[in-house]
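Here the numbering used here is used: the first residue of the sequence shown is 88, the next is one more, and so on.
Where is the CB? At the ideal position from N, CA and C, for every residue including glycine.
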Amino acid sequence: MLNTTSTTGEPVSIAPLHSGPSFDALGLIDAIRHAVRAENYAAPTPIQAQSIPHLLAGRDLLGCAQTGTGKTAAFALPILQRLAENRRPAGTRKMRALILTPTRELASQIDDSFRTYGRNLRLSSAVIFGGVGQNPQVQALSRGLDILVATPGRLLDLMNQGHARLDGVEIFVLDEADRMLDMGFIHDVKRIIAALPAARQTLLFSATMPSDIAHLADRILSQPVRVAVAPVAATADRIDQWMLHVEKGNKRALLDSVLKDRSIARALVFTRTKHGANKVAEQLARSGVASEAIHGNKSQGARERALANFKAGRTRVLVATDIAARGIDIDGVTHVINFDLPNVPESYVHRIGRTARAGASGIAISFCDREERPYLRDIEKLIRKAIPVVDNHPFRIDPAAANGGSDSAAAQPRQGQRPSGGRPGRQRRRRR
């Protein structure tokens, strides 16, 4: 265990990527351990190993962790155990645990996790979010439940209508706090927190720690345990990263070329815009590649179907924007392809972290056009290394040209050459 300090000077536990006790050593009850074992999880992830004992003891927690680190189980398992061991009095209908999360997809996945890990316990849960009718959600609240997973807007609506009361909440989880801020939900979050009992256990998770979130954490947490897993600048060692320089107008043809490699079994492709995601998915479909797009303009049903198809392997490629992808937690993604480089360098780390989960290896392939060159510099500064360049693809441009050189330096597909579909990790490459 490496100990360092936070920006406020307080100690932070930095959990190593591959260490920790077994689930049997964490103090979990048999009913939960059996459910975990049924999911074929042999050992806890670092954030689970570092968090679960403290949460079982009732401590507040500040977790700096991205999706894919196992943080959902890190809070779900101890919450289930604490509620099971301290059952509410007969006839009590108030919710006891509230998990607040920014997106409908993530809310549904968290609720699924509670149901999976709590299958052997007599606890009730529900999930509420916008974009669908509220009557079934109101009925679930009126029946009474132990655990509620919710997005801020719909929960606040139901609170204002008198359907949701928070005065019985014993445990509160604010998940993806930085994304709440990015999506403009922070004021709704503060109004919800104001309705909670002062005496409660509070957990806050955030992939990054902007000043607004740090101030919120200081206000709502009481002597918290601080756990950080893989600092935001640290990309997973198991991910092979490759950069392909290309003219903007050739990106779609390059994507077709790359996807000729059949080892790319399940790929998540990122664009910066919703319109771009649609265009890429449509182009891939015309090329015979099973693909769908997921973003905020899609209906709830369309997003759920796209995720289900991708998870089941019926869709080979899922094209997503950054905000939509924060709700995606799927094992088995073999490749992440950055069709557009993100203009926020931390988003690069979040994106490529969608592969190499659960001990698997993964590959991240990024396309960089001339206009994106500043984004690449920011990314490499953040991750503290140069990303290796693949220079033998059919739409190659010289990195120096990508840095502002003459258009004549751009290499177009060479006459008679078949597009290279080889795995980037096996191609001739050089470092810039």
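Assigned exposure category for residue i - 16 Cβ within 10 Å defines buried
i    : result
T358 : buried
N425 : buried
S378 : buried
S448 : exposed
K338 : buried
S493 : A caution first: S493 carries a pLDDT of 35, below 50, which makes its placement in the model unreliable, though a value can still be read off. S493 should be labelled exposed.
T360 : exposed
A380 : buried
E334 : buried
Three-state secondary structure assigned by DSSP to residue i
i    : result
M88  : Its pLDDT being 32, under 50, M88 is placed unreliably in this model, and the value from its coordinates should be taken loosely. Residue state, collapsed to three classes: coil.
T289 : strand
S309 : coil
S374 : coil
A294 : coil
F201 : helix
F110 : helix
F482 : coil
I439 : helix
I417 : coil
E391 : helix
L261 : strand
Residue span of the beta strand (DSSP E) that contains residue i, given as start and end
i    : result
I326 : 326-332
I215 : 212-215
H422 : 422-425
G449 : 449-455
I273 : Counting along the chain, I273 falls outside any beta strand (DSSP E), though it belongs to the alpha helix (DSSP H) covering 273-281.
L164 : That residue, L164, is in no beta strand (DSSP E); its alpha helix (DSSP H) goes 158-172.
V404 : 404-407
I186 : 184-187
Proximity of residue i and residue j at Cβ, strictly below 7 Å
i    : j    : result
R42  : I215 : Outside the displayed range of the chain (88 to 519) lies residue 42, so it cannot be described from this structure.
T159 : I197 : yes
A485 : S309 : At residue 485 the sequence reads Asp, which differs from the Ala that was named. The answer is no: Cβ separation not under 7 Å.
M330 : V476 : yes
S211 : D244 : no
T402 : V420 : no
E263 : T188 : yes
V404 : A352 : no
Sequence-distant residues of the same chain with beta carbon closer than 7 Å to residue i, five excluded per side
i    : result
V219 : Q387
Cβ-based neighbour list, residue i, same chain, cut-off 6 Å, excluding 5 preceding and 5 following
i    : result
E459 : L428
V260 : F162, I186, L290
Endpoints, the alpha helix (DSSP H) within which residue i is located
i    : result
V345 : 338-345
G205 : Premise fails: G205 is in no alpha helix (DSSP H) and is neither H nor E.
I470 : 460-470
G240 : 239-247
A118 : 117-125
Cutoff 8 Å; reference residue i; Cβ partners in own chain excluding five residues on either side
i    : result
I474 : Q328, W329, M330, S453, L463, I466, E467
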